[in-house]
Structures are given as C-alpha cells and as structure tokens.
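See below for the structure under consideration.
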Amino acid sequence: MLAQASGWKPPRNKYVTLYHGCTTKDRDEIEKHGVKPQLGRANTDFGQGFYTTTLERQAKHWAWARFYHPRFSRTSGYQPVVLTFHVERHQLAKLDVLSFQLGDYLQEDFWSLVQHCRQSSTPSSSQTPQINHHDGPHAQHNGEWYDIVCGPVSAFWKQRSAMQDSDQFSFHTDAAAQLLNVLIHSNDKSKYDSQIIQ
C-alpha cells in the first residue's frame, strides 16, 4: 500500500521553480544583458522565446545538448550550466498565460499551436524568415503574443507525439522576460542561481 501523501503546505507553493539549461557563455550573456526572448529560435513548440522547465533533469539534458552543439567546442572552456529561477506565483498571475495540460494525439488546441509555431521558417539565402506568432490559431484580442505559454514538450510534432514526463514554460514578451530579469539582478541566490553541471 502506498504511503499517504504529505499535506499541502501553502508557503512551499508560493513559488514555481523554473530551470533553464545552457552553457556558461549563454549564462554570462543572460546575466549581463538579461533574458531576451527575441534571441530564441523561431521554429520551436511555442514559438520564439526563452524556454524553461519545472524539471531540473530536463534542464540538465538541455544544457548538455547545448554544450555538444557544433557551435560550441568542448575545448573552448565553456561548460554546461543550469539556471534556477524561483518565480512568485502571484507575479505569474499578472501576465497573459496560455497553459496546456495534455499533449495527447487528440488535443487539437495544443497541436495546432505547435504546428503553427514549428512551421516558422529560419533564415536562409533563398527566403526571408517567417516567424509565426501566437496570433495564428490562438489569437489574443489585441493580436499580441501571450506572455508565457506552458505545456508538454513535443517529441515528434508531425506525428503529434509528446515526450513523457517533460514540460516547458516559454517566455515570449518583454513583460515576461522582465519577471526573470528582476530575479537575475536581485543578487539573491534564493531567487536566482546557476550551477555548472558535471
């Protein structure tokens, strides 16, 4: 028989802990210039933005993937690192957030957004990049992007397959980025920290 779950403790739930995996070069740029969603890749699940997760192990995977990317040489001195943000829930509540709970095959809302954002084109010599915004299948009344989108991570978006035990919180606007930048510049390790992973 399973042990009884511990009781809900509101103080523990004041914050959402979010992790971002990158390299020490990325971290140094983020700490110097702040989070800039417009620097993110365009053809991602929820569009161009700054991606985080509630799962530290997933952020570590992202950090190692970034570290082994051909753009970074292992002899360059860069290392994989995980950034940790403790975001107050009431601050998140002030922003426009689109949240998906499920990513199974029949979740039309989720997959229509993923398809729309994934079909953004990247710069090439033969075409002008086309960045698909959230005003496609999920239009806001003012045509703006959502500040934050959270939900499952697609494994194979064309087959509508989501990764198990994974999630993502993507920050898309200056208002959303400011929430993280305040934590970075607080110089308070209980709000923001970074850890090199081995």
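With my numbering, letter number 195 in the sequence shown gets 184, and the count goes up by one each step, no holes.
All C-beta atoms, glycine included, are put in the ideal place defined by N, C-alpha and C.
Runs of beta strand (DSSP E) lying entirely within the stretch 140 to 177, each at least 3 residues, in chain order: 143 to 145 and 157 to 160
Cα-Cα separation between residue 105 and residue 144, rounded to whole angstroms: 16 angstroms
Outcome for residue 177 when other beta-carbon atoms lying within 10 angstroms are tallied against a minimum of 16: For residue 177, the number of other beta carbons within 10 angstroms of its own is below 16, and it is reported as exposed.
Distance CB(residue 40)-CB(residue 157) smaller than 8 angstroms: yes
Close Cβ partners of residue 86 (< 8 angstroms) along its chain, the five nearest in sequence each way excluded: 135, 136, 137, 138 and 139
Other residues of its chain near residue 162: CB distance less than 7 angstroms, five sequence neighbours each side excluded: 26, 134 and 136
Helix, strand or coil at residue 69 [DSSP, three-state]: strand
For residue 7 and residue 74, believed in contact at Cβ under 8 angstroms, the rounded distance: 5 angstroms
Backbone secondary structure at residue 103 - three-state DSSP: helix
Proximity below 8 angstroms, CB of residue 155 to CB of residue 47: yes
Residue -4, buried or exposed, once every other Cβ within 10 Å from all chains shown has been counted against 16: exposed
Within 8 angstroms, strictly: CB atoms of residue 13 and residue 186: no
Coarse secondary structure for residue 19, derived from DSSP in three states: helix
Euclidean distance between Cα positions of residue 164 and residue 89: 21 angstroms
Candidates 166, 77, 102 and 168: closest to residue 141 by CA position: 102
Residue 75, DSSP secondary structure in three states: strand
Euclidean distance between Cα positions of residue 126 and residue 98: A caution first: residue 126 carries a pLDDT of 44, below 50, which makes its placement in the model unreliable, though a value can still be read off. Whole-angstrom Cα-Cα distance: 8 angstroms.
Which listed residue (148, 65, 15 and 22) has its alpha carbon closest to that of residue 189: Here the chain has residues from -10 to 187 only, and residue 189 is not among them.
Alpha-carbon to alpha-carbon, residue 79 and residue 173: 18 angstroms
For residue 175 and residue 34, the rounded distance between their alpha carbons: 30 angstroms
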